[in-house]
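Everything on this sheet refers to the single structure shown next.
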Amino acid sequence: MVSPGAKKQKADERAKYQRLATSIVPKPPLVRNAIVAFVVGGLICMVGQGVMNVFTSRGMSQDEAVAPTLATMILIGAVLTGLSAYHPIGEFAGAGAAIPITGFANTVVAAAMDFKREGYILGMGAKMFIIAGPVLVYGILSGVLVALIRWLYRG
Amino acid sequence: MATKRVGGSTIVYSTPPVIVSAATVAGPKESEGPMVEWFDETVPDDMFGERTPEKAERRFMEDAIKIAIGNAQVLPDQVNVMFAGDLLNQIISSSFTAEKLAIPFVGLYGACSTSVQGLTMASAMVDGGYADLALAVTSSHYQAAERQFRYPIELNIMRKTTSQYTVTGAGAALVGASGGKIKITEATIGKVIDMGIKNPHQMGPAMAPAAADTIFSHLADTGRNPEYYDVILTGDLGRVGAEILLELMVQRGVPLGENYADSGVLMFEGVRGTGVGGSGCACSALITYGYVWKKMCQNEISRALIVATGALMSPLSWQQGESIPCIANAVVLEA
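Line order of the protein sequences matches chains X and S.
If you're matching positions, the first sequence starts at 1242 in our numbering and goes up one per residue.
If you're matching positions, the second sequence starts at 6 in our numbering and goes up one per residue.
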């Protein structure tokens, strides 16, 4: 049985050490990260806009062009991941590469590539959404909640 | 009453075993670093021509063993026991390799402290008269470790300021009663220390207190000061962990001097995209059996304290919010 005093002493020691560690651990360069994320994320969105303009110039309406634009961006993200080119972009740009839909495609394809070695059923099929899964679950859940609030509010 | 001991946690080998031969096999990223000249074999393809990184890791380990026993001109069946461990679940790299080579096998798990754990056990077997030749082997692989402990390889993830890079490679040491120049004189077995660090991207900060504790115990048990050693080498604290260790030793009143170095820092000095340094079982093995052992054989280092550090968490334990228990084991090499 550990006495309460010893327990407290251990907790104090840990807290003291964690303060020391925090003081030595380098801080993430937040300003740099924010700027790079803005620029790279913005560039990806510009590509998206360019793709959309191609579709609208071929006679599609703005609404009609949304789905094929997203599909194209997902394809680009997936292919870049397959060519091992998206990982370095992510390493450089952080959220700038993760937030656009290309980043979402990356999470699915990266997991698929990794788990393919354990087979198509128990590996790839089962674990493809290991990173993207939570995004889908909570994305759909928050969609339902927001729709519910709107429905209650507007009747 | 055990006689081959001193202090609370240090073993003193009564007839110190020697390293008969040692071998290192390193991957491509490791070969970009300043240590490349010290490795016995460098492999430009980290997949070693295999389909999975797990299979590739075994090839690294197998080659390290073959080179080590080949250099000593012995056959696998002359080796009495092999102590081996790695990072993969159920230490598959070690057991699959042991099956292939048909050497009696004891599996170890000490995370990245395995190299010293193995050396400690192999030396005890030889000193105790239970083996003529004993192997201590360990390996790690960037891709295999990354996918087990962290994320898929191609995922878009930004490195944290404390992230380390798992070393791809393997190291093997053949320990015997005679036939080598470098003796293993003492070993200090560390306690598991957990200072409440929960972030798996902060391995250096998590392991530094364990390293400090083991070094402190070792010096207290043997009545030495840090200057006794030409080199005090930690396993894989990285730049951040090493800085914390230096501060902890100052606080304990035994500051480490210029003779202190960290394998993780040495491994990837100047190599881009490796965070604050190397990690993994092979990190300390490659620097110890590559750089330190060879320098000792060349009479440039005469006493080295090798402190391999390991973070003993699993992906399950950190996902369940547990902090990271860590260990450091030390051996003394003397020329």
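Think of the CB as a built atom: it goes at the ideal place given N, C-alpha and C, for glycine as much as any other residue.
All values reported here derive from a predicted model rather than from experimental measurement.
What residues of chain X sit near residue i, judged by a beta carbon separation below 9 Å?
i	result
S:V245	A1262, I1265, V1266 and P1267
S:Q95	Under the 9 Å cutoff, chain X gives no residues; its nearest Cβ is about 15 Å from S:Q95.
Which residues of chain X have a Cβ atom closer than 7 Å to the Cβ of residue i, listed in chain order?
i	result
S:R155	Residues of chain X passing the Cβ test: none, with the nearest at roughly 11 Å.
S:G341	In this structure chain S extends from 6 to 340, so residue 341 of chain S is not present and cannot be described.
Would you call residue i buried or exposed, if buried means 16 or more other Cβ atoms sit within 10 Å of its Cβ?
i	result
X:A1256	exposed
X:S1298	exposed
S:K105	exposed
S:E263	exposed
S:V314	Val is not the amino acid found at residue 314 of chain S; the sequence shown has Thr there. Buried is the call here.
X:E1305	exposed
X:I1390	exposed
S:I311	buried
S:E59	buried
S:V172	buried
S:V6	Sequence check: residue 6 of chain S is Met here, not Val. Exposed: under 16 other Cβ atoms inside 10 Å.
S:R277	exposed
Output the boundary residues of the alpha helix (DSSP H) element that contains residue i.
i	result
X:A1275	L1271 to S1298
S:G209	M208 to T227
X:L1382	A1373 to R1395
S:G246	G243 to Q256
X:S1264	P1245 to I1265
X:S1302	Note, X:S1302: premise wrong, no alpha helix (DSSP H); not H, not E.
S:I97	I97 to L106
S:A69	P58 to N76
S:S289	C286 to L291
S:L321	P320 to Q324
X:G1400	The question about residue 1400 of chain X has no answer here: the residues shown for chain X are numbered 1242 through 1396.
S:E35	P33 to E37
Starting from residue i, trace the beta strand (DSSP E) both ways and give me its first and last residue.
i	result
S:D267	Y265 to D267
S:S144	L138 to S145
S:R308	R308 to A316
S:L238	V236 to T239
X:G1331	No beta strand (DSSP E) contains X:G1331, which is instead part of the alpha helix (DSSP H) from Y1327 to A1334.
S:D91	V86 to D91
S:G112	F110 to G112
S:L80	That residue, S:L80, is in no beta strand (DSSP E); it is neither H nor E in DSSP.
S:G174	G174 to G181
S:K188	I187 to T193
S:T279	Element bounds for S:T279: n/a, residue is neither H nor E.
Below 7 Å on C-beta distance, what does residue i contact in chain S?
i	result
X:I1192	Outside the displayed span of chain X (1242 to 1396) sits residue 1192 of chain X, for which this structure offers no information.
X:S1325	E159
X:T1348	L160
Of all the CB atoms in chain S, is at least one closer than 8 Å to the CB of residue i?
i	result
X:D1355	yes
X:Q1290	no
X:R1273	no
X:Q1250	no
X:A1352	yes
X:T1310	no
X:R1358	yes
X:N1294	no
X:T1297	no
Give a yes or no on whether the minimum CB-CB distance between residue i and chain X is below 8 Å.
i	result
S:T166	yes
S:R56	yes
Could you name the residues of chain X that residue i contacts, counting a contact when the two beta carbons are closer than 8 Å?
i	result
S:R152	D1355
Which residues of chain S have a Cβ atom closer than 9 Å to the Cβ of residue i, listed in chain order?
i	result
X:I1372	Y156, P157 and L160
X:T1322	E159, L160 and N161
Is any non-hydrogen atom of the ligand MG found closer than 7 Å to the C-beta of residue i, if you look at the structure I gave you?
i	result
S:L124	Among the ligands in the structure shown, none appear at all, so the ligand MG cannot be discussed.
### Task
Taking a Cβ distance cut-off of 7 Å, strictly less, list which residues of the stretch 1332-1344 of chain X are near chain S, in chain order.
Answer set for the stretch 1332-1344 of chain X: E1332, G1335, A1338, A1339 and G1344.
### Message
If the cut-off is 8 Å on Cβ atoms, which residues from the stretch 204-216 of chain S count as contacting chain X, listed in chain order?
### Response
Result list: Q207, P210, A213 and P214.
### Task
Determine which residues of the stretch 242-270 of chain S have a Cβ less than 7 Å from any Cβ of chain X, and write them out in chain order.
Result list: V245, E248, I249 and E252.
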